[in-house]
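Undergrad:
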Amino acid sequence: MRMDMRDFKNQTRYVKYSGFNVGHETSKYNVNLYGYSGIVDDCFGASINNMMFTTKDQDNDKWLLGNCAEEYQSGWWHNRCHCANPNGVYLAGNTSIFAVGIVYQPWRGYYYSLKSTQLMTDYKKGFGDLRSEFWLGNDILHYLLSQGRYMMRMDMADFDNQTRYVKYSYFNVGDETSKYNVTVFGHSGDVGDCFTTDRGINHMMFSTKYQDNDILDKRTCAVIYQSGWWYRKCQCANPNGKYLAGHNDKFGVGITYEAWRGQYYSLKFTQFMVKKSIAQFHTKSRK
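Okay, here's the thing in C-alpha coordinates:
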(Lines of atoms letter the chains of each structure in order from A and count residues from 1; the text may use other names and numbers.)
(Lines give C-alpha, C1' and ligand atoms only; values in the text may rest on other atoms or scores of the structure.)
Protein backbone atom coordinates (compact mmCIF):
# COMPACT_ATOMS: atom_id res chain seq x y z
CA MET A 1 0.00 0.00 0.00
CA ARG A 2 1.09 3.55 -0.72
CA MET A 3 -0.43 6.76 0.60
CA ASP A 4 0.33 9.99 -1.22
CA MET A 5 -0.21 13.37 0.45
CA ARG A 6 -0.31 16.92 -0.84
CA ASP A 7 -0.43 20.24 1.02
CA PHE A 8 -1.68 23.64 -0.15
CA LYS A 9 1.78 24.62 -1.42
CA ASN A 10 1.60 21.55 -3.68
CA GLN A 11 4.41 19.88 -1.76
CA THR A 12 4.04 16.11 -1.65
CA ARG A 13 5.04 13.25 0.63
CA TYR A 14 4.36 9.53 0.61
CA VAL A 15 4.57 6.41 2.75
CA LYS A 16 4.63 2.82 1.49
CA TYR A 17 4.05 -0.55 3.15
CA SER A 18 5.08 -3.84 1.59
CA GLY A 19 2.16 -5.66 3.25
CA PHE A 20 -1.40 -4.39 3.66
CA ASN A 21 -4.60 -6.32 4.40
CA VAL A 22 -8.09 -5.49 5.67
CA GLY A 23 -10.18 -8.23 7.24
CA HIS A 24 -13.82 -9.19 6.70
CA GLU A 25 -16.80 -7.47 8.33
CA THR A 26 -16.80 -10.11 11.07
CA SER A 27 -13.32 -8.90 12.10
CA LYS A 28 -14.65 -5.33 12.09
CA TYR A 29 -12.29 -4.69 9.15
CA ASN A 30 -9.18 -5.30 11.23
CA VAL A 31 -6.15 -3.88 9.41
CA ASN A 32 -2.68 -5.37 9.22
CA LEU A 33 0.29 -3.63 7.63
CA TYR A 34 4.08 -3.84 7.73
CA GLY A 35 7.21 -2.98 5.76
CA TYR A 36 7.34 0.81 6.01
CA SER A 37 9.31 3.01 3.59
CA GLY A 38 8.80 6.56 2.32
CA ILE A 39 9.97 10.17 2.49
CA VAL A 40 8.17 11.10 5.71
CA ASP A 41 8.11 9.34 9.08
CA ASP A 42 5.84 6.34 9.66
CA CYS A 43 2.45 7.13 11.19
CA PHE A 44 0.65 3.82 10.78
CA GLY A 45 2.87 1.01 12.09
CA ALA A 46 2.41 1.86 15.77
CA SER A 47 -0.98 3.53 15.33
CA ILE A 48 -3.44 1.61 13.14
CA ASN A 49 -1.80 -1.82 12.85
CA ASN A 50 -4.12 -4.57 14.17
CA MET A 51 -6.86 -2.03 14.89
CA MET A 52 -10.54 -2.42 14.00
CA PHE A 53 -12.38 0.25 12.01
CA THR A 54 -14.24 2.83 14.12
CA THR A 55 -17.18 5.04 13.16
CA LYS A 56 -19.44 7.24 15.26
CA ASP A 57 -21.83 4.33 15.84
CA GLN A 58 -19.20 1.56 15.97
CA ASP A 59 -16.64 2.39 18.69
CA ASN A 60 -13.78 -0.08 18.23
CA ASP A 61 -10.89 2.14 19.36
CA LYS A 62 -8.86 1.96 22.60
CA TRP A 63 -9.63 5.45 23.88
CA LEU A 64 -11.32 5.07 27.26
CA LEU A 65 -12.67 8.63 27.43
CA GLY A 66 -14.81 8.59 24.30
CA ASN A 67 -15.19 7.67 20.64
CA CYS A 68 -12.30 8.79 18.42
CA ALA A 69 -14.48 8.85 15.28
CA GLU A 70 -16.92 11.20 16.97
CA GLU A 71 -14.21 13.38 18.50
CA TYR A 72 -12.23 13.73 15.25
CA GLN A 73 -15.17 13.47 12.83
CA SER A 74 -14.03 10.60 10.65
CA GLY A 75 -14.20 6.86 10.22
CA TRP A 76 -10.73 5.31 10.58
CA TRP A 77 -8.66 2.65 12.28
CA HIS A 78 -8.41 4.86 15.34
CA ASN A 79 -6.27 3.71 18.24
CA ARG A 80 -6.32 6.32 21.05
CA CYS A 81 -6.83 8.26 18.85
CA HIS A 82 -4.60 8.87 15.82
CA CYS A 83 -1.31 9.97 14.35
CA ALA A 84 -3.00 10.61 11.00
CA ASN A 85 -6.60 11.32 9.99
CA PRO A 86 -6.85 10.80 6.20
CA ASN A 87 -10.68 10.84 6.29
CA GLY A 88 -10.85 14.01 8.34
CA VAL A 89 -12.69 17.27 7.64
CA TYR A 90 -11.48 19.37 4.68
CA LEU A 91 -10.19 22.49 6.49
CA ALA A 92 -7.79 23.83 3.83
CA GLY A 93 -4.42 24.32 5.50
CA ASN A 94 -3.61 25.97 8.82
CA THR A 95 -6.42 25.69 11.35
CA SER A 96 -7.03 26.28 15.05
CA ILE A 97 -8.93 22.98 15.37
CA PHE A 98 -6.78 20.18 16.77
CA ALA A 99 -6.51 17.00 14.64
CA VAL A 100 -9.99 17.17 13.05
CA GLY A 101 -8.68 17.99 9.58
CA ILE A 102 -6.95 15.75 7.05
CA VAL A 103 -3.80 15.49 9.16
CA TYR A 104 -0.52 13.60 9.05
CA GLN A 105 1.29 14.55 12.26
CA PRO A 106 4.95 13.74 11.33
CA TRP A 107 4.77 16.02 8.30
CA ARG A 108 2.52 19.06 8.90
CA GLY A 109 1.31 18.40 12.44
CA TYR A 110 -2.16 18.33 13.97
CA TYR A 111 -3.11 21.93 13.13
CA TYR A 112 -2.70 21.65 9.35
CA SER A 113 -5.32 20.04 7.12
CA LEU A 114 -3.82 18.62 3.93
CA LYS A 115 -5.14 19.28 0.44
CA SER A 116 -5.39 15.61 -0.48
CA THR A 117 -4.43 12.08 0.52
CA GLN A 118 -4.82 8.90 -1.48
CA LEU A 119 -4.22 5.30 -0.59
CA MET A 120 -2.59 4.20 -3.84
CA THR A 121 -3.39 0.52 -3.51
CA ASP A 122 -2.78 0.09 -7.19
CA TYR A 123 -5.86 -0.10 -9.38
CA LYS A 124 -3.59 -1.33 -12.19
CA LYS A 125 -2.42 -4.51 -10.46
CA GLY A 126 -5.28 -4.93 -8.00
CA PHE A 127 -5.44 -4.94 -4.23
CA GLY A 128 -7.30 -6.36 -1.25
CA ASP A 129 -8.26 -9.88 -0.18
CA LEU A 130 -9.94 -12.08 -2.80
CA ARG A 131 -11.92 -13.79 -0.03
CA SER A 132 -13.59 -10.56 1.06
CA GLU A 133 -12.95 -7.03 -0.26
CA PHE A 134 -10.78 -6.38 -3.31
CA TRP A 135 -10.26 -4.66 -6.66
CA LEU A 136 -9.24 -7.32 -9.19
CA GLY A 137 -6.90 -4.99 -11.10
CA ASN A 138 -7.38 -3.16 -14.39
CA ASP A 139 -4.75 -5.25 -16.18
CA ILE A 140 -6.47 -8.48 -15.11
CA LEU A 141 -9.88 -7.06 -16.01
CA HIS A 142 -8.66 -6.23 -19.50
CA TYR A 143 -7.05 -9.65 -20.00
CA LEU A 144 -10.14 -11.50 -18.77
CA LEU A 145 -12.60 -9.48 -20.84
CA SER A 146 -10.47 -9.74 -23.99
CA GLN A 147 -11.12 -13.51 -24.09
CA GLY A 148 -14.60 -13.07 -25.54
CA ARG A 149 -17.85 -11.18 -25.13
CA TYR A 150 -18.87 -10.59 -21.50
CA MET A 151 -21.89 -9.33 -19.61
CA MET A 152 -21.63 -7.58 -16.23
CA ARG A 153 -23.77 -7.48 -13.10
CA MET A 154 -23.39 -5.24 -10.05
CA ASP A 155 -25.11 -6.19 -6.78
CA MET A 156 -25.65 -3.64 -3.99
CA ALA A 157 -26.88 -3.71 -0.39
CA ASP A 158 -27.72 -0.95 2.08
CA PHE A 159 -27.63 -0.94 5.89
CA ASP A 160 -31.27 -2.04 6.06
CA ASN A 161 -30.17 -5.19 4.19
CA GLN A 162 -32.20 -4.21 1.14
CA THR A 163 -30.58 -5.23 -2.14
CA ARG A 164 -30.63 -4.04 -5.74
CA TYR A 165 -28.83 -5.04 -8.93
CA VAL A 166 -28.07 -3.81 -12.42
CA LYS A 167 -27.03 -5.92 -15.40
CA TYR A 168 -25.45 -4.98 -18.72
CA SER A 169 -25.43 -7.24 -21.75
CA TYR A 170 -21.97 -6.02 -22.81
CA PHE A 171 -18.96 -4.95 -20.72
CA ASN A 172 -15.35 -4.47 -21.82
CA VAL A 173 -12.24 -2.72 -20.47
CA GLY A 174 -9.38 -1.68 -22.76
CA ASP A 175 -5.67 -2.06 -22.07
CA GLU A 176 -3.30 0.35 -20.33
CA THR A 177 -2.56 2.28 -23.54
CA SER A 178 -6.28 3.13 -23.77
CA LYS A 179 -6.17 4.12 -20.08
CA TYR A 180 -8.56 1.24 -19.42
CA ASN A 181 -11.34 2.77 -21.51
CA VAL A 182 -14.63 1.07 -20.61
CA THR A 183 -17.51 0.11 -22.91
CA VAL A 184 -20.85 -0.89 -21.42
CA PHE A 185 -24.43 -1.13 -22.74
CA GLY A 186 -27.67 -3.09 -22.49
CA HIS A 187 -29.04 -2.14 -19.06
CA SER A 188 -31.54 -4.22 -17.09
CA GLY A 189 -32.17 -4.76 -13.38
CA ASP A 190 -34.39 -3.66 -10.51
CA VAL A 191 -32.96 -0.14 -10.13
CA GLY A 192 -32.27 2.67 -12.59
CA ASP A 193 -29.24 2.86 -14.88
CA CYS A 194 -26.21 4.80 -13.66
CA PHE A 195 -23.55 3.65 -16.13
CA THR A 196 -24.80 4.44 -19.65
CA THR A 197 -26.51 7.78 -18.99
CA ASP A 198 -25.04 11.19 -19.84
CA ARG A 199 -23.31 11.08 -16.42
CA GLY A 200 -22.30 7.44 -16.73
CA ILE A 201 -19.03 5.64 -17.37
CA ASN A 202 -19.48 4.43 -20.97
CA HIS A 203 -16.42 5.20 -23.15
CA MET A 204 -14.58 6.84 -20.25
CA MET A 205 -10.95 6.27 -19.22
CA PHE A 206 -10.01 5.30 -15.67
CA SER A 207 -9.08 8.20 -13.37
CA THR A 208 -7.21 8.45 -10.08
CA LYS A 209 -6.09 11.53 -8.17
CA TYR A 210 -2.83 11.66 -10.12
CA GLN A 211 -4.18 10.31 -13.42
CA ASP A 212 -6.91 12.77 -14.40
CA ASN A 213 -8.75 11.28 -17.38
CA ASP A 214 -12.22 12.70 -16.76
CA ILE A 215 -13.80 15.52 -18.80
CA LEU A 216 -14.50 17.89 -15.90
CA ASP A 217 -12.93 21.32 -16.47
CA LYS A 218 -10.25 22.55 -14.03
CA ARG A 219 -10.91 20.01 -11.26
CA THR A 220 -10.31 16.27 -10.85
CA CYS A 221 -13.26 14.00 -10.10
CA ALA A 222 -11.05 11.43 -8.37
CA VAL A 223 -9.87 14.14 -5.96
CA ILE A 224 -13.39 15.41 -5.28
CA TYR A 225 -14.88 11.94 -4.74
CA GLN A 226 -11.75 10.31 -3.29
CA SER A 227 -11.53 7.12 -5.32
CA GLY A 228 -10.40 5.63 -8.61
CA TRP A 229 -13.17 5.18 -11.20
CA TRP A 230 -14.32 5.76 -14.78
CA TYR A 231 -15.39 9.32 -14.01
CA ARG A 232 -17.06 11.54 -16.58
CA LYS A 233 -17.90 14.90 -14.97
CA CYS A 234 -18.24 13.50 -12.41
CA GLN A 235 -20.46 10.53 -11.44
CA CYS A 236 -23.85 8.95 -10.93
CA ALA A 237 -22.26 6.13 -8.90
CA ASN A 238 -19.07 5.83 -6.85
CA PRO A 239 -18.59 2.11 -6.05
CA ASN A 240 -14.97 2.60 -4.93
CA GLY A 241 -15.84 5.49 -2.61
CA LYS A 242 -15.29 5.87 1.13
CA TYR A 243 -16.99 3.48 3.54
CA LEU A 244 -19.17 6.04 5.33
CA ALA A 245 -21.80 3.61 6.65
CA GLY A 246 -25.18 4.90 5.48
CA HIS A 247 -26.50 8.45 5.72
CA ASN A 248 -23.78 11.12 5.81
CA ASP A 249 -23.23 14.78 4.91
CA LYS A 250 -20.54 14.25 2.24
CA PHE A 251 -22.06 14.48 -1.25
CA GLY A 252 -20.98 11.59 -3.45
CA VAL A 253 -17.85 10.67 -1.46
CA GLY A 254 -19.23 7.42 -0.06
CA ILE A 255 -20.03 4.16 -1.84
CA THR A 256 -22.94 5.72 -3.72
CA TYR A 257 -25.48 4.74 -6.35
CA GLU A 258 -27.59 7.82 -7.06
CA ALA A 259 -30.43 6.00 -8.82
CA TRP A 260 -31.16 4.04 -5.64
CA ARG A 261 -30.10 5.71 -2.36
CA GLY A 262 -28.80 9.03 -3.67
CA GLN A 263 -25.47 10.80 -3.17
CA TYR A 264 -25.72 11.25 0.62
CA TYR A 265 -25.99 7.52 1.41
CA SER A 266 -22.95 5.23 1.49
CA LEU A 267 -23.85 1.63 0.71
CA LYS A 268 -22.82 -1.36 2.80
CA PHE A 269 -21.83 -3.51 -0.15
CA THR A 270 -21.24 -3.51 -3.89
CA GLN A 271 -20.01 -6.38 -6.02
CA PHE A 272 -19.16 -6.58 -9.71
CA MET A 273 -19.43 -9.90 -11.54
CA VAL A 274 -18.74 -10.72 -15.18
CA LYS A 275 -19.95 -13.70 -17.17
CA LYS A 276 -19.14 -14.82 -20.66
CA SER A 277 -22.03 -14.33 -23.07
CA ILE A 278 -23.32 -17.45 -24.79
CA ALA A 279 -23.54 -16.93 -28.53
CA GLN A 280 -26.62 -18.39 -30.19
CA PHE A 281 -25.98 -20.08 -33.52
CA HIS A 282 -28.84 -21.03 -35.86
CA THR A 283 -28.38 -23.33 -38.85
CA LYS A 284 -30.76 -23.82 -41.72
CA SER A 285 -32.08 -27.33 -42.16
CA ARG A 286 -31.81 -28.87 -45.59
CA LYS A 287 -34.89 -30.22 -47.26
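At position 247 of the sequence shown the residue is numbered 247 (UniProt numbering), and the sequence of numbers has no breaks. Ideal Cβ placement from N, Cα and C applies to all residues, glycine included.
Would you kindly report the start and end of the unbroken alpha helix (DSSP H) that includes Arg108?
TA: For Arg108, the enclosing alpha helix (DSSP H) has its first and last residue at 105-108.
Undergrad: Skipping 5 residues on each side, what residues in its chain have a beta carbon closer than 8 angstroms to that of Tyr112?
TA: The beta carbon of Tyr112 lies closer than 8 angstroms to those of Asp7, Gly93, Asn94, Thr95, Gly101, Val103 in the same chain, with the five residues before and after it left out.
Undergrad: Can you tell me whether DSSP reads Thr220 as helix, strand or coil?
TA: In the structure shown, Thr220 sits in coil (DSSP, three-state: anything other than H, G, I, E or B).
Undergrad: Could you name the residues that DSSP lists as bridge partners for Tyr17?
TA: Tyr36
Undergrad: Determine the DSSP secondary structure at Tyr265, reduced to helix, strand or coil.
TA: Of the three classes helix, strand and coil, the one that applies to Tyr265 here is strand, per DSSP.
Undergrad: For Lys124 versus Asn138, is the C-beta spacing smaller than 8 angstroms?
TA: yes
Undergrad: Per DSSP, Arg164 forms a beta bridge with which residues?
TA: According to the DSSP secondary-structure assignment, Arg164 is paired through a beta bridge with Met156.
Undergrad: How would you label Asn181, buried or exposed, when you count the other beta carbons within 10 angstroms and need 16 or more for buried?
TA: buried
Undergrad: So what does Gln211 bridge to, in DSSP terms?
TA: Thr208
Undergrad: Have a look at Gly109, His187, Pro239 and flag the residue whose alpha-carbon is nearest the alpha-carbon of Phe171.
TA: Residue nearest to Phe171 within the set Gly109, His187, Pro239 is His187 (criterion: CA-CA distance).
Undergrad: How is the beta strand (DSSP E) around His142 delimited, first residue to last?
TA: No beta strand (DSSP E) holds His142; the alpha helix (DSSP H) holding it covers 138-145.
Undergrad: In three-state DSSP terms, what is Thr177?
TA: helix
Undergrad: Considering only their Cβ atoms, is the gap separating Val40 from Val22 smaller than 8 angstroms?
TA: no
Undergrad: Could you give the residue range of the beta strand (DSSP E) that holds Phe185?
TA: 182-189
Undergrad: Can you find at least 3 beta carbon pairs, one from the segment 152-165 and one from the segment 197-204, that sit closer than 8 angstroms?
TA: no
Undergrad: Between which two residues does the beta strand (DSSP E) carrying Arg6 extend?
TA: 2-6
Undergrad: With hydrogens ignored, establish whether the beta-carbon of Thr197 is closer than 7 angstroms to any heavy atom of the ligand PLP.
TA: This structure simply doesn't include the ligand PLP, nor any ligand for that matter.
Undergrad: Output the distance between the C-alpha atoms of His78 and Ile278, rounded to the nearest integer angstrom.
TA: 48 angstroms
Undergrad: Tell me whether Tyr123 sits in a helix, a strand or coil according to DSSP, three-state version.
TA: coil
Undergrad: Assign Asn50 to buried or exposed, taking buried as 16 or more other Cβ atoms, counted over all protein chains shown, within 10 Å of its Cβ.
TA: exposed
Undergrad: Measure the beta-carbon distance from His82 to Tyr90 and round it to whole angstroms, keeping in mind my assumption that it falls under 8 angstroms.
TA: Actually they are not in contact, since the Cβ atoms of His82 and Tyr90 sit about 17 angstroms apart, beyond 8 angstroms.
Undergrad: If you draw a straight line from the alpha carbon of Asp59 to that of Trp107, how long is it in whole angstroms?
TA: Each residue's alpha carbon lies about 27 angstroms from the other.
Undergrad: Could you pull the start and end residues of the alpha helix (DSSP H) that Ala69 belongs to?
TA: Annotation: the continuous alpha helix (DSSP H) that includes Ala69 extends over 68-71.
Undergrad: Near Arg261, which residues of its chain fall below 8 angstroms by C-beta distance, leaving aside the five closest residues on each side in sequence?
TA: Exclusion of the five residues before and after Arg261 leaves Asp158, Leu267 as the residues of its chain whose Cβ lies within less than 8 angstroms of its Cβ.
Undergrad: Give the straight-line distance between the Cα atoms of Asn87 and Phe134, rounded to the nearest whole angstrom.
TA: 20 angstroms
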